[in-house]
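Scroll down for the structure; my scribbles are underneath it.
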Amino acid sequence: MSKAGRTVQQKNRAIAAGVIVYLGLFILALLPRLYDLQRFVTADEAKWVYRSAQFLAALLRGDLAGTSVNLTPAVTTTWLGSLGLALYYQFNHTVLGLPLVDWLTSLPEFRTDLPVLAATRWPMAVATSLGVVLIYGLGRPLFGATVAFIGAVFIALDPHIVSLSRILGHDAPAAMLMMISVLLLLQGCRVARWPGGKVAGEQSDRDAEWQGGGDAEAQDGKVAGKWSETLFVLLSGVAAGLAFLSKAPALFLIPFAGLLFVSRIWLDRSSSGVWVRRFLLWGVAAYLTFVVVWPAAWVDPLGRPWAVVENGFISATDHDEADDENYWLVPDLGPFYYVVHGAFKLSPLVT
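Okay, structure coming up:
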């Protein structure tokens, strides 16, 4: 066999191996999330089924403002729940005997049938399983294939993450999207380099040799690298916007991204203008994603984002709301609380 033939064969084997790994990770993540979906877990889910129904009903009626069903804001949750409800109705509309909007508005707030609950859980399980695969793919050039694979397996099988990503809630989408946003941002900012892998904008010596070492080719490679970096930053902003739409604590990504870009400016002061523009691009992408994906923000593009930020602070500090809901404030338990609490969450005995 010629050298070219062997090269093609090696590439085909590498592609086949990659497909097996990605597919295997998806199945590994999906199976524990799909197991016994009709089992009752938490009373909170009935509220999310109700909110998803109200969200979809408002959207179908053209009541865009009515899609603001919660300021958590959990928009990704209500989109996934709406998908599950729409599919459930499609397969059961003859039995239900009601138009879709009428059926949605008839669903109670604090109770749900288990078949309906299972239908709303399906999209969450599939979406988070795809997220595990994406995290592995984004982690490979940053940390190497082995570390990325081990990390993806941990995420796929971690009891706490599994429990949150097989129910209709907003914690799992927020966590997955924050991770994806950070990994994309690290690639866009050229933070990590792993032997044998490349992050955005990096050109190896072998690439330079393959290009013939010409100045024109090298310059073209640099331009392509800068465009790929910009694309990763843009996609990171999109993922951040989706994370903001999932749960308010995801707003932590804003100072994190700011510090990361400041570190790049500190290390590469000659390109400070480039990094400032990319940070602005990241923010604009996040904001536009926030507005585009949430129909309520179409009619209130400034008020809805501010309401989410305001609600995030109120939820953590409002004594009156705590009294009304019979909540109570606990004392500061110190940093070791998180160590002990995290150990319990990571225990295989936790379901």
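In the numbering used here, the protein residues as written are 34 to 384. Virtual Cβ for every residue (Gly too), placed ideally from N, Cα, C. Predicted, not measured: the structure shown is a model, and the values here were computed from it.
Inset, instruction - Flag this pair as touching only if the segment 105–113 and the segment 275–282 have three or more C-beta atom pairs under 8 Å; answer yes or no. - result: yes
Legend entry - S214, buried or exposed, once every other Cβ within 10 Å from all chains shown has been counted against 16: Taking the sequence shown and counting its residues from 1, the one referred to as residue 214 is at position 181. Answer is buried; the Cβ neighbour count reaches 16.
Legend entry - Whole runs of the alpha helix (DSSP H) within the segment 124–153, excluding any shorter than 4 residues: 133–139
Legend entry - Backbone CA spacing between G114 and Q42 [nearest angstrom]: Position 81 of the sequence shown, counting from 1, holds the residue named residue 114. Position 9 of the sequence shown, counting from 1, holds the residue named residue 42. Whole-angstrom Cα-Cα distance: 44 Å.
Inset, instruction - Check the DSSP bridge columns for P106 and list the partner residues they point to. - result: In the sequence shown, the residue the question calls residue 106 occupies position 73. Beta-bridge pairing links P106 to K280.
Inset, instruction - Answer yes or no: do I194 and E78 have a C-beta to C-beta separation smaller than 8 Å? - result: Residue numbering aside, residue 194 sits at position 161 when the sequence shown is read from its first letter. Residue numbering aside, residue 78 sits at position 45 when the sequence shown is read from its first letter. No, Cβ-Cβ distance for I194 and E78 is not below 8 Å.
Legend entry - Own chain residues within Cβ distance below 8 Å of A151, not counting five before or after: For the purposes of this step, residue 151 is taken as residue 118 along the sequence shown, with counting starting at 1. Closer than 8 Å at Cβ, skipping near neighbours: L70 and Q71.
Legend entry - Among A319, R223 and T145, nearest to P174 - alpha-carbon criterion: Counting from 1 along the sequence shown, the entry for residue 174 is found at position 141. Considering only alpha carbons, the answer is R223.
Inset, instruction - Pick out whichever of A185, G170 and A86 has its Cα sitting closest to the Cα of W136. - result: Start at 1 with the first residue of the sequence shown, and residue 136 comes out as number 103. Closest by alpha carbon: A86.
Legend entry - Buried or exposed (CB count within 10 angstroms, at least 16 for buried), Y370: Position 337 of the sequence shown, counted from the start, is the residue given in the question as residue 370. Under this definition Y370 is an exposed residue.
Inset, instruction - Could you work out which residue in T153, A185, R154 and L264 is closest to I60 when comparing CA atoms only? - result: The count along the sequence shown starts at 1 and reaches residue 60 at position 27. Per the Cα distances, A185.
Legend entry - Of the listed residues K80, A181 and A207, nearest to Y55 (C-alpha basis): The residue labelled residue 55 in the question sits at position 22 within the sequence shown. Answer by Cα proximity: A181.
Legend entry - Assigned secondary structure, W327 (DSSP; H/G/I helix, E/B strand, else coil): In the sequence shown, counting from the first residue as 1, residue 327 sits at position 294. Three-state result, W327: coil.
Inset, instruction - Could you tell me whether the segment 136–145 touches the segment 156–176, using the rule of 3 or more Cβ pairs below 8 Å? - result: no
Legend entry - Whole-angstrom distance between W155 and V325, CA atom to CA atom: Here the question's residue 325 lines up with position 292 in the sequence shown. Here the question's residue 155 lines up with position 122 in the sequence shown. Each residue's alpha carbon lies about 24 Å from the other.
Inset, instruction - Measure how close the beta-carbons of A272 and L217 come, nearest whole angstrom, since I'm counting them as under 8 Å. - result: By 1-based counting over the sequence shown, the position of residue 272 is 239. By 1-based counting over the sequence shown, the position of residue 217 is 184. Yes, they are in contact, since the Cβ atoms of A272 and L217 sit about 6 Å apart, within 8 Å.
Legend entry - Where I53 falls, given that 16 or more other Cβ within 10 Å makes a residue buried: By one-based count along the sequence shown, residue 53 stands at place 20. I53 should be labelled exposed.
Inset, instruction - Please state whether DSSP places Y68 in a helix, a strand or coil. - result: If you number the sequence shown from 1, residue 68 lands on position 35. Looking at Y68 - three-state DSSP - the assignment turns out to be coil, as it is neither helix nor strand.
Legend entry - Length of the line joining the Cα atoms of L197 and T40: Along the sequence shown, read from residue 1 onward, the residue named residue 197 stands at position 164. Along the sequence shown, read from residue 1 onward, the residue named residue 40 stands at position 7. Using only the alpha carbons, I get a separation of about 44 Å.
Legend entry - Whole-angstrom C-beta distance between V341 and L97, which should lie under 8 Å: Counted from its first residue, the sequence shown places residue 97 at position 64. Counted from its first residue, the sequence shown places residue 341 at position 308. Going by Cβ atoms, the distance from L97 to V341 rounds to 16 Å, so no, they are not a contact pair.
Legend entry - L335 - DSSP class collapsed to helix/strand/coil: For the purposes of this step, residue 335 is taken as the residue at position 302 of the sequence shown. Note: L335 maps to coil in three-state DSSP.
Legend entry - Residue from F312, E262 and L163 whose Cα sits closest to the Cα of L286: The residue you call residue 286 lines up with position 253 of the sequence shown. Selected option, being the one with the closest Cα: F312.
Inset, instruction - Reducing DSSP to helix, strand and coil, say where S85 ends up. - result: Position 52 of the sequence shown, counting from 1, holds the residue named residue 85. S85 falls in the helix class under three-state DSSP.
Legend entry - Nearest-angstrom Cα separation, counted from L300 out to G99: For the purposes of this step, residue 99 is identified with residue 66 of the sequence shown, where counting begins at 1. For the purposes of this step, residue 300 is identified with residue 267 of the sequence shown, where counting begins at 1. Approximately 47 Å between the Cα atoms of the pair.
Inset, instruction - Report the rounded CA-to-CA distance for V82 versus G306, giving the unit in angstroms. - result: Stepping through the sequence shown from its first residue, residue 82 is reached at position 49. Stepping through the sequence shown from its first residue, residue 306 is reached at position 273. Those two C-alpha atoms are separated by around 46 Å.
Inset, instruction - Can you grab the Cα-Cα spacing for the pair G385 / W112, in whole Å? - result: What the structure shows of the chain is the stretch from 34 to 384, and residue 385 is not part of that stretch, so it cannot be assessed.
Inset, instruction - Compare the C-alpha of R337 against each of G57, N103 and A318 and name the closest. - result: Walking along the sequence shown from the start, residue 337 turns up at place 304. Nearest option by C-alpha distance: N103.
Inset, instruction - Using a threshold of 8 Å, state whether the C-beta atoms of M211 and T161 are closer than that. - result: Taking the sequence shown and counting its residues from 1, one reaches residue 211 at position 178. Taking the sequence shown and counting its residues from 1, one reaches residue 161 at position 128. Taking 8 Å as the Cβ cut-off, M211 and T161 do not qualify as a contacting pair.
Inset, instruction - To the nearest angstrom, report how far apart S101 and T263 are at their CA atoms. - result: As a first step, residue 101 must be located in the sequence shown, where it is residue number 68. As a first step, residue 263 must be located in the sequence shown, where it is residue number 230. Roughly 32 Å separates the two Cα atoms.
Legend entry - Beta-carbon spacing of F294, Q220 below 8 Å: For the purposes of this step, residue 294 is taken as residue 261 along the sequence shown, with counting starting at 1. For the purposes of this step, residue 220 is taken as residue 187 along the sequence shown, with counting starting at 1. No, the Cβ-Cβ distance between F294 and Q220 is not below 8 Å.
Inset, instruction - Take K80 as the anchor and find which of V372, H203 and G316 has the nearest alpha-carbon. - result: As a position in the sequence shown, residue 80 is number 47, starting the count at 1. Of V372, H203 and G316, the residue nearest in Cα terms is H203.
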